[in-house]
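Read the structure below first, then the notes.
Residue numbers (my numbering), protein chains in the order written: chain E, 441 to 554; chain D, 885 to 999.
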């Protein structure tokens with residue numbers, strides 16, 4: 441049973457527009473969420489995170505929104521740039537518990553067209 | 885080095901052979917993780933080491949998989965009697981401390997192909 445779900449395997453967006461990547465989770469014990477970006481033949485790199493005590497965290501063009509009641513988070517990229525084209529992984533963690541690992545979704549491949 | 889280092893970067897092996905994958909974490913990082921990503925799939929947790937605590941092996945898919953870590957340094961992931969379904973990129977990551985909401989830093993992965 442997948443605890444972290446990214447239901448859209450791919451997303452295509454025009455340069456300059458907003459990209460919205462979605463993520464749902466089932467485990468109510470998750471209290472820390474992260475987004476990672478992965479280019480081909482490279483390891484994932486950290487992008488942005490959010491604690492469950494917040495509902496929004498912003499870093500430049502990237503904003504993550506968390507809706508705890510819906511167990512849903514989203515990553516907004518605006519404006520989107522061709523260099524943003526990559527696979528984006530949502531990850532969740534039980535920060536306050538004993539679980540020591542991040543649970544990842546399957547990823548969403550974002551393509552930003554010039 | 886500055887980042888997580890993995891070796892080999894690419895490995896082609898025959899079905900039934902054993903393979904060892906090595907990970908050098910970032911110096912000073914107490915937590916070390918192994919993940920794998922099979923074609924078209926997400927990142928699958930395998931094992932987690934935190935300091936001197938017993939490792940969390942809950943993600944290892946079978947008893948053919950094992951991993952060791954020497955203190956807070958190098959880790960080796962061993963796959964015995966490899967099968968074609970073991971073909972994947974094996975990603976190692978480290979973080980300064982474990983369950984603290986810290987980000988983890990990934991290596992570039994070891995690409996394993998079992999033929």
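We put the CB at the ideal spot given by N, CA and C, even for glycine. No experiment lies behind these values; they were computed from the predicted model shown.
Q. For residue 481 of chain E, is the classification buried or exposed, using 16 other Cβ atoms within 10 angstroms of its Cβ as the cut-off for buried?
A. Position 41 of the first chain, counted from the first residue, corresponds to residue 481 of chain E. It is exposed - the Cβ of residue 481 of chain E has fewer than 16 other Cβ atoms within 10 Å.
Q: Could you confirm whether any beta carbon from chain E is found closer than 7 Å to the beta carbon of residue 974 of chain D?
A: As a working note, residue 974 of chain D is residue 90 in the second chain. It does not; no Cβ of chain E falls within 7 Å.
**Q.** Sequence-distant residues of the same chain with beta carbon closer than 8 Å to residue 987 of chain D, five excluded per side
**A.** Locating residue 987 of chain D in the second chain gives position 103, counting from the first residue. Once the five neighbours on either side are set aside, the close Cβ partners of residue 987 of chain D are 979.
(Q) Tell me the residue span of the beta strand (DSSP E) that contains residue 987 of chain D. (A) Sequence index remark: in the second chain, residue 987 of chain D carries index 103 (1-based). Counting along the chain, residue 987 of chain D falls outside any beta strand (DSSP E), and DSSP gives it neither H nor E.
Q. Per DSSP, what kind of secondary structure is residue 968 of chain D in: helix, strand or coil?
A. Along the second chain, one-based indexing puts residue 968 of chain D at 84. Helix.
Q: Alpha carbon to alpha carbon, how far is residue 909 of chain D from residue 957 of chain D? Give it in angstroms, no decimals.
A: Position 73 of the second chain, counted from the first residue, corresponds to residue 957 of chain D. Position 25 of the second chain, counted from the first residue, corresponds to residue 909 of chain D. Near 6 Å, if we compare the C-alpha coordinates of residue 909 of chain D and residue 957 of chain D.
Q: Please check if any C-beta of chain E sits within less than 7 Å of the C-beta of residue 927 of chain D.
A: On the second chain, residue 927 of chain D is found 43 positions in, with the first residue counted as 1. Chain E, which has a Cβ nearer than 7 Å to the Cβ of residue 927 of chain D, makes this yes.
**Q.** Cut-off 7 Å between Cβ atoms - residues of its own chain near residue 913 of chain D, not counting five sequence neighbours on either side
**A.** Translated into the one-based positions of the second chain, residue 913 of chain D becomes position 29. 978, 979, 980.
Q.
Check for me: the beta strand (DSSP E) holding residue 931 of chain D runs from which residue to which?
A. Here residue 931 of chain D is taken as the residue at index 47 of the second chain, counted from 1. Residue 931 of chain D -> beta strand (DSSP E) spans 928-934.
**Q.** Simplified DSSP state of residue 471 of chain E, which is helix, strand or coil
**A.** Numbered from its first residue, the first chain carries residue 471 of chain E at position 31. Reduced to three states, the DSSP call for residue 471 of chain E is coil.
Q. Cβ atoms of residue 525 of chain E and residue 551 of chain E: under 7 Å apart, would you say?
A. Within the first chain, the letter at position 111 stands for residue 551 of chain E. Within the first chain, the letter at position 85 stands for residue 525 of chain E. Result yes, Cβ atoms of residue 551 of chain E and residue 525 of chain E sit closer than 7 Å.
Q: Pair every Cβ in the segment 445-458 of chain E with every Cβ in the segment 503-522 of chain E, then say whether three or more of these pairs are closer than 8 Å.
A: yes
Q | Buried or exposed by the 16-neighbour rule on C-beta atoms within 10 Å, applied to residue 954 of chain D | A | Taking the second chain and counting its residues from 1, one reaches residue 954 of chain D at position 70. It is exposed - the Cβ of residue 954 of chain D has fewer than 16 other Cβ atoms within 10 Å.
Q) Would DSSP call residue 524 of chain E helix, strand or coil? A) Here residue 524 of chain E corresponds to residue number 84 of the first chain, with the count starting at 1. The answer is helix: DSSP assigns residue 524 of chain E an H, G or I state.
Q: Tell me where the beta strand (DSSP E) around residue 947 of chain D begins and ends.
A: As a first step, residue 947 of chain D is located in the second chain; it is residue number 63 there, counting from the start. Residue 947 of chain D -> no beta strand (DSSP E), and no H or E assigned at all.
**Q.** Interface flag, residue 523 of chain E vs chain D, CB-CB below 7 Å
**A.** Your numbering for residue 523 of chain E matches position 83 in the first chain. Not an interface residue.
Q | Burial state of residue 966 of chain D, where buried means 16 or more other Cβ atoms lie within 10 Å | A | Within the second chain, the letter at position 82 stands for residue 966 of chain D. Burial call: buried.
**Q.** Segment limits, beta strand (DSSP E) that includes residue 442 of chain E
**A.** Counting from 1 along the first chain, the entry for residue 442 of chain E is found at position 2. That residue, residue 442 of chain E, is in no beta strand (DSSP E); it is neither H nor E in DSSP.
**Q.** beta strand (DSSP E) runs wholly inside the segment 467-513 of chain E, at least 3 long, in chain order
**A.** 472-478, 485-491, 496-499, 502-507
Q: Report yes or no: is there a C-beta of chain D within less than 7 Å of the C-beta of residue 482 of chain E?
A: Position 42 of the first chain, counted from the first residue, corresponds to residue 482 of chain E. At least one chain D Cβ lies under 7 Å of residue 482 of chain E.
(Q) Check this for me: beta carbons of residue 451 of chain E and residue 548 of chain E, under 7 Å apart or not? (A) Counting from 1 along the first chain, the entry for residue 451 of chain E is found at position 11. Counting from 1 along the first chain, the entry for residue 548 of chain E is found at position 108. Contact flag set, yes.
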